[in-house]
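First comes the structure, then the notes that go with it.
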Amino acid sequence: KQEVTQIPAALSVPEGENLVLNCSFTDSAIYNLQWFRQDPGKGLTSLLLIQSSQREQTSGRLNASLDKSSGRSTLYIAASQPGDSATYLCAVRGWGKLQFGAGTQVVVTP
Amino acid sequence: GAGVSQSPSNKVTEKGKDVELRCDPISGHTALYWYRQRLGQGLEFLIYFQGNSAPDKSGLPSDRFSAERTGESVSTLTIQRTQQEDSAVYLCASHRDRGTDTQYFGPGTRLTVL
Chain A
1 KQEVTQIPAA LSVPEGENLV LNCSFTDSAI YNLQWFRQDP GKGLTSLLLI QSSQREQTSG
61 RLNASLDKSS GRSTLYIAAS QPGDSATYLC AVRGWGKLQF GAGTQVVVTP
Chain B
1 GAGVSQSPSN KVTEKGKDVE LRCDPISGHT ALYWYRQRLG QGLEFLIYFQ GNSAPDKSGL
61 PSDRFSAERT GESVSTLTIQ RTQQEDSAVY LCASHRDRGT DTQYFGPGTR LTVL
């Protein structure tokens, strides 16, 4: 059974610092890994999707890496801003469904 | 184009009543998922529909929960004889019929059982 773990559970940084969010998974037989953002009271917004054959994906200030053999992904957010405050979830796609981690709650202070 | 939509956005019901939640996926998306998110917790998979294949119901927590989908269109999640522990946000997501696709989520339905 796939287990997805996100560390840390919560993170607070001053504006301008880089954010590093970690995601680990136990079964490397995945199709892809996806990072989402969730704002309070709202649904999920997809940030980045990394296929199992890829090593990283970039979008603006966001960069996500994937090391499938070791079961790890890292989301980097450069030069954090207060608007980056949210909960970040990673999810791995195996056969059929996505398996989610519990998320990392991020607060960026001005 | 339009995203995934869900209705109602909020539902308050009394314990023991039945509720029905609706999800309209993005047009052309053959795969549809239901998830549950309890307060302060992660997403919990409930059920997965893929085209005309038999749905994956492995995440449904009890036989009070059921879901239907007609073809590749709207899906309804029904909870019978609601209990207080059913209070949560119910999220729906869809993607195209490819294993490599991004999942798109609806805004969710917040269910409160009194």
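Chains as they are written, first to last, in our numbering: chain A, 1 to 110; chain B, 1 to 114. Where is the CB? At the ideal position from N, CA and C, for every residue including glycine.
Closer than 6 Å: residue i CB and nearest the ligand GDP heavy atom
{"i": "B:PRO107", "result": "Annotation note on the ligand GDP: not contained in the displayed structure, which lists no ligands."}
is_contact[residue i, chain A] using C-beta, thresh 7 Å
{"i": "B:PRO61", "result": "no"}
{"i": "B:TYR90", "result": "no"}
{"i": "B:GLY106", "result": "yes"}
{"i": "B:THR13", "result": "no"}
{"i": "B:LEU43", "result": "yes"}
{"i": "B:THR109", "result": "no"}
Three-state secondary structure (DSSP) of residue i
{"i": "B:GLN83", "result": "coil"}
{"i": "B:PRO8", "result": "coil"}
{"i": "A:PRO82", "result": "helix"}
{"i": "B:LEU114", "result": "coil"}
{"i": "B:GLN103", "result": "coil"}
{"i": "B:ALA93", "result": "strand"}
{"i": "A:GLN2", "result": "coil"}
{"i": "A:ASN22", "result": "strand"}
{"i": "A:PRO8", "result": "coil"}
{"i": "A:PRO110", "result": "coil"}
{"i": "A:ALA91", "result": "strand"}
{"i": "B:GLU14", "result": "coil"}
{"i": "A:ALA102", "result": "coil"}
{"i": "B:GLU20", "result": "strand"}
Nearest-angstrom Cβ-Cβ length linking residue i and residue j, presumed shorter than 8 Å
{"i": "A:ASP27", "j": "A:GLN2", "result": "5 Å"}
{"i": "A:TYR88", "j": "A:ARG37", "result": "6 Å"}
{"i": "A:PHE100", "j": "B:GLY42", "result": "5 Å"}
{"i": "B:PHE65", "j": "B:LEU46", "result": "7 Å"}
{"i": "B:THR30", "j": "B:GLN50", "result": "6 Å"}
{"i": "B:TYR104", "j": "B:GLY28", "result": "About 11 Å; that fails the 8 Å criterion."}
Closer than 7 Å to chain B by CB, residue i
{"i": "A:SER24", "result": "no"}
{"i": "A:LYS97", "result": "yes"}
{"i": "A:GLY103", "result": "yes"}
Continuous beta strand (DSSP E) assignments of at least 3 residues falling wholly in the region 23-78 of chain B
31-37, 43-50 and 65-69
Tell me the start and end of each unbroken beta strand (DSSP E) in the region 24-76 of chain A that is at least 3 residues and wholly inside, in chain order.
32-38, 44-51, 56-59 and 62-67
If you measure beta-carbon to beta-carbon, which residues of the region 30-54 of chain A are closer than 7 Å to chain B?
TYR31, ASN32, GLN34, LYS42, GLY43, LEU44, SER46, LEU49 and GLN51
Against chain A, which members of the region 58-88 of chain B pass a CB distance test of less than 9 Å?
SER58 and GLY59
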